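Engineer: I am attaching a structure below and will ask some questions about it afterwards.
Residue numbers (the numbering used here), protein chains in the order written: chain Y, 268 to 618; chain U, 54 to 405.
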């Protein structure tokens, strides 16, 4: 395509690398750049402020390994892994939510709502009950529980092709049932374990080290490009299964693959930080609205998720200084605001 | 009560139209109603007799009629009678609330648990326990009612005027997720509140005294009377808002009274027993299958069937892992979730 395409949001040129071609959307690109800048700003605040304020020079020294041991400890052992875990988990959740919302063609679809999170909670509580002591082991329990719940939801919703809307409804049903099972398991556990499980269920970044950031980084490195390549099939899928079939996209295999990517990202993120509420729900929609696009873009959603979680964590640590709150509480509050906004602007005008 | 005036009696089907020869099959509905009533009585008796320590029927009878302070009398009067009565009360409330919600919203998936109403009650109870020092089960009542009212209003607002079934369920799930996060956040800061709350949150009939039944009873009674009185105008509303209006039904008034009744019923039931999901949904559909869609029959039928289901679930919970107990909320969720999923699979609702 050459020459400017008048009146269209896309630029008139395409970037071609071998079989791939990209057509940058100028406003989306601008929004992504702005989000990246904001993310860097949040990172600087997260690294420099706190109980021991540091200067930018000290941070750079610490990252180059030439700082005093005290500063080095604060930066490379405390603040940096926490920041990275938060940003990576946020990005993973943002992409996961964007995929799910496109698949379900519904702005409220997210791992929080369709049963993945409740399944992860069941797995985590079971892990606590079996005596898991490290956060990583609890994460593995959550991974198993969430994955089983997601597979069960998919299989239960599947009937001559799993229509996306049914997926969401079945997920809500499974989620509601698992919530009562969780409440029951919590009464059966000793009070100490029950409190630990409850704390994990809020989702937080306290005591997160490099071991929590690395798996999420690896998952994003593999799954984000896969999602972008497979995401080209999202657009026809959003037209409905019949139209997608007419355009030559086989709906079910594409949907299955995107669903697997979405669940895998949510699972890894949840294993690292617990079920952080609402990032997956809000990030794709906020990014989409900023970009003025018709559907959530994956890169924008990832950046928005990272920014949301990193900034929320800074808020959670600095606002409640005597006892820092888990970040999940802040994101839940933001989620409430987002829902109120949906209430004011979103559905009401539509039939 | 003036609600009933919404529809002129001549439009209803009661009374025999003289000319029309009856081509309908004989009406079995009263027999079905009688059958469900007898089932409830039988399950009530079983609920008094069965448990970790089973009692013979004549022992139960003796303990009831002539309480001598012996072991059987203590078991019956202190433990099984309160939970059976509470099961009946909560069951009536949840059954009527489920059927009423489905009729009001014309949504086959409406259920107090799924639409976030019970979660609203939970969140308000947490506020009561954690910040206002409410300790006893009896103190939860008005918090639960207020929370139920707030959550149902919010879900209704979010899902908008069209109130499509899937949209309402999604809005309910979203509200539930916010409230759940809020609840967890509060509990995390207040381990002492958590200790009380977790035993309420599980949804159980055990360990509640007769005073809980006595306190929630009047509110449930009020809700039940309003619900039954609304049967006729709601029948008209089932034809659609415009048709109902042209038939002379007072649509707005019916909605408001209906919402009041649902809030009172759900709030009181949740305060008494904790969140119990899915029963309202399951029973409303079962009742529609056996007795038909006429709400004048459907509502009483749901009010009799739900306590039966709840008592049966409670008995199963007592026996399944005896001497420990599964709480009734878990049993109903395990029974109810498959029904909900089957409903989603069956209808065209899946197409969002």
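Even glycine gets a Cβ: it sits at the ideal position worked out from N, Cα and C. Note that the structure is predicted; figures quoted are calculated from it, not measured.
Is any beta-carbon of chain Y found at less than 9 Å from that of residue 235 of chain U?
Structural biologist: yes
Engineer: Residues in the region 233-262 of chain U with C-beta within 7 Å of chain Y's C-beta atoms, listed in sequence order?
Structural biologist: Look at the region 233-262 of chain U: the residues with a C-beta under 7 Å from a C-beta of chain Y are 234, 235, 237, 238, 240, 241, 244, 247, 248, 251, 252, 254, 255, 256.
Engineer: Counting only Cβ pairs nearer than 8 Å, list the residues of chain U close to residue 469 of chain Y.
Structural biologist: 234, 237, 238, 241
Engineer: Check whether the region 365-375 of chain U touches the region 406-415 of chain Y, counting contact only when three or more Cβ pairs, one atom from each stretch, lie closer than 8 Å.
Structural biologist: no
Engineer: Residue 133 of chain U by DSSP, collapsed to three states: which one?
Structural biologist: helix
Engineer: Thinking C-beta only, is residue 380 of chain Y closer than 9 Å to residue 452 of chain Y?
Structural biologist: no
Engineer: Any residues in the region 369-381 of chain U with a beta carbon nearer than 9 Å to a beta carbon of chain Y? Which ones, in chain order?
Structural biologist: For the region 369-381 of chain U, the residues whose beta carbon sits under 9 Å from a beta carbon of chain Y are, in order, 377, 379, 380.
Engineer: So is residue 597 of chain Y buried or exposed if we call it buried at 16+ other beta carbons inside 10 Å?
Structural biologist: Answer is buried; the Cβ neighbour count reaches 16.
Engineer: Could you work out which residue in U/101, U/89, U/359, U/106 is closest to residue 375 of chain U when comparing CA atoms only?
Structural biologist: U/106
Engineer: Tell me whether residue 601 of chain Y is buried or exposed, calling it buried when 16 or more other Cβ atoms sit within 10 Å of its Cβ.
Structural biologist: Residue 601 of chain Y is buried by the Cβ-count criterion.
Engineer: At the level of alpha carbons, what is the spacing between residue 312 of chain Y and residue 540 of chain Y?
Structural biologist: 21 Å
Engineer: Output the residue ranges of the alpha helix (DSSP H) runs that lie fully inside the region 354-426 of chain Y and measure 4 residues or longer, sorted by chain position.
Structural biologist: 383-396, 402-424
Engineer: Would you call the CB atoms of residue 352 of chain U and residue 291 of chain U closer than 9 Å?
Structural biologist: no
Engineer: Does the CB of residue 196 of chain U have a neighbour CB from chain Y at under 9 Å?
Structural biologist: no
Engineer: Please decide whether residue 458 of chain Y counts as near chain U, where near means a Cβ-Cβ distance under 9 Å.
Structural biologist: Answer yes: the Cβ-Cβ gap between residue 458 of chain Y and chain U drops below 9 Å somewhere.
Engineer: How many angstroms separate the CA atom of residue 403 of chain U from the CA atom of residue 391 of chain U?
Structural biologist: Low confidence applies here, because residue 403 of chain U scores a pLDDT of 37, under 50, leaving its location unreliable; read the following figure in that light. Approximately 15 Å between the Cα atoms of the pair.
Engineer: What whole-angstrom Cβ distance do residue 364 of chain Y and residue 550 of chain Y have, given they're in contact under 8 Å?
Structural biologist: 6 Å
Engineer: Helix, strand or coil for residue 340 of chain Y? Go by DSSP, reduced to three states.
Structural biologist: helix
Engineer: Taking C-beta to C-beta, are residue 330 of chain U and residue 256 of chain U nearer than 9 Å?
Structural biologist: yes
Engineer: Would you mind stating whether residue 315 of chain U and residue 201 of chain U have Cβ atoms separated by less than 9 Å?
Structural biologist: Yes.
Engineer: Is it buried or exposed, residue 319 of chain Y, if we count other Cβ atoms within 10 angstroms and call 16 or more buried?
Structural biologist: exposed
Engineer: Does chain U have any CB closer than 9 Å to the CB of residue 447 of chain Y?
Structural biologist: yes
Engineer: Does residue 461 of chain U come out as helix, strand or coil in the three-state DSSP assignment?
Structural biologist: The structure shown does not extend to residue 461 of chain U, since chain U spans only 54 to 405, so no value can be given for it.
Engineer: Would you grab the beta carbon distance between residue 172 of chain U and residue 328 of chain U for me? Rounded to a whole angstrom, and I think it's under 8 Å.
Structural biologist: 7 Å
Engineer: So, at 8 Å on beta carbons, what are the nonlocal neighbours of residue 404 of chain Y in its own chain, with the 5 sequence-adjacent residues on each side left out?
Structural biologist: Cβ within range, chain order: 394.
Engineer: Spell out whether any CB of chain U is found under 9 Å from the CB atom of residue 437 of chain Y.
Structural biologist: yes
Engineer: Ends of the alpha helix (DSSP H) at residue 555 of chain Y?
Structural biologist: 546-558 is the span of the alpha helix (DSSP H), which, as asked, contains residue 555 of chain Y.
Engineer: So, are the CB atoms of residue 310 of chain U and residue 335 of chain U less than 9 Å apart?
Structural biologist: no
Engineer: Kindly confirm or deny that the region 564-571 of chain Y and the region 294-301 of chain Y touch, where touching means at least three C-beta pairs closer than 8 Å.
Structural biologist: yes
Engineer: Are the C-beta of residue 509 of chain Y and some C-beta of chain U separated by less than 9 Å?
Structural biologist: no
Engineer: Here's the rule I'm using: 16 or more other beta-carbon atoms within 10 Å means buried, otherwise exposed. How should residue 519 of chain Y be labelled?
Structural biologist: exposed
Engineer: Rounded to whole angstroms, what's the CA-CA distance from residue 387 of chain U to residue 330 of chain Y? Just pull it up for me.
Structural biologist: If I take the Cα positions, the gap works out to 53 Å.
Engineer: State the Cα-Cα distance for the pair residue 480 of chain Y and residue 577 of chain Y, rounded to the nearest angstrom.
Structural biologist: 13 Å
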